[in-house]
Amino acid sequence: MFGWLGRLLGFGNSGKAPVTSLAEAATGVVEVFTENKTKRMELDASARAAALAQFAAEFNHVRTGWFDRFVDSLNRLPRPVMALMTLWLFFQAWADPATFSEVMGAFATVPDQLWWILGAVVAFYFGARETHHFRRNTETREVIRAAAETIPDEPLPPVPDADPDNDTSPPNAALEEWRSTRSPKRTS
18 MFGWLGRLLG FGNSGKAPVT SLAEAATGVV EVFTENKTKR MELDASARAA
68 ALAQFAAEFN HVRTGWFDRF VDSLNRLPRP VMALMTLWLF FQAWADPATF
118 SEVMGAFATV PDQLWWILGA VVAFYFGARE THHFRRNTET REVIRAAAET
168 IPDEPLPPVP DADPDNDTSP PNAALEEWRS TRSPKRTS
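Number 68 in the numbering used here belongs to position 51 of the sequence shown; there are no gaps in the numbering.
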């Protein structure tokens, strides 16, 4: 009797026990209404793996020749030199005010157009450096984009109120016991 009934219900030739098939069907129905925790853990693990891959990509540098290293070291000089020279100007103003005023007087004679050109050169230099690093990190951005796609767009749960008098959560027996064993507050 179970033979034809099992085939009718789909339990016959699948090689699975009827209980297993029913459990899988129930799992499918339950997943419609609640989140699959195992699947959530797998997605979280893949997001963590993508983040770790991104961090690893940041430290995976290609070894270059001596000339490339030399040029990279020259490219790193302008910012610290400008910062140190600014500090040096303050030191010079304190140490030798007469020479400092002469130098500043000489800077005052520089035409405004030349200051604009100097500003453009500095701006383009730093802009080119940023563009170079931006293009160099395209692989890292692709890893970040792939990791962002695995993270669901679910809203965060609401933050509970910090006021214990307005607490609407179910009672916590351990917390209530701890509160009852606490010494009463002293008033001064």
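Every residue, glycine too, gets a C-beta built ideally from N, C-alpha and C. Just so we're clear, the structure is a prediction, and the values are computed from it rather than from any experiment.
Item to check | 8 Å contact criterion, which residue 103 and residue 109 should meet: CB distance rounded | outcome: Between residue 109 and residue 103 the Cβ distance is about 11 Å, and since that is not below 8 Å, they are no contact.
Checklist entry - Can you list, in chain order, the residues of its chain whose CB lies under 7 Å from that of residue 69, leaving out five sequence neighbours each side? => result None.
Checklist entry - Between the Cα of residue 107 and the Cα atoms of 96, 95, 121 and 94, which residue gives the shortest distance? => result Considering only alpha carbons, the answer is 121.
Item to check | Length of the line joining the Cα atoms of residue 165 and residue 44 | outcome: Rounded to whole angstroms, residue 165 to residue 44 spans 28 Å at the Cα level.
Next on the checklist: Taking only three categories from DSSP, how would you classify residue 65?
Outcome noted: Residue state, collapsed to three classes: helix.
Next on the checklist: Using 8 Å as the cut-off, can you tell me whether the stretch 50-70 makes contact with the stretch 150-164, which would need three or more C-beta pairs spanning the two stretches below that distance?
Outcome noted: With the rule of 3 Cβ pairs closer than 8 Å, the stretch 50-70 counts as touching the stretch 150-164.
Checklist entry - When the Cα atoms are used, what is the spatial distance from residue 137 to residue 112? => result Looking at the two C-alpha atoms, the distance is approximately 32 Å.
Checklist entry - What number of angstroms, rounded off, separates the C-alpha of residue 194 from the C-alpha of residue 37? => result Cα to Cα, residue 194 sits roughly 44 Å from residue 37.
Next on the checklist: Please report the straight-line C-alpha distance between residue 190 and residue 59, rounded to a whole angstrom.
Outcome noted: Those two C-alpha atoms are separated by around 34 Å.
Next on the checklist: DSSP three-state label for residue 113, please.
Outcome noted: Note: residue 113 maps to coil in three-state DSSP.
Item to check | Alpha-carbon spacing of residue 9 relative to residue 199, whole angstroms | outcome: Nothing can be reported for residue 9, as the shown portion of the chain is limited to 18 through 205.
Checklist entry - When the distance is taken between beta carbons, is residue 157 closer than 8 Å to residue 71? => result At a Cβ-Cβ threshold of 8 Å, residue 71 and residue 157 count as neighbours.
Next on the checklist: Using only CA atoms, which one of 151, 146 and 152 lies nearest to residue 89?
Outcome noted: The candidate whose alpha carbon is nearest that of residue 89 is 146.
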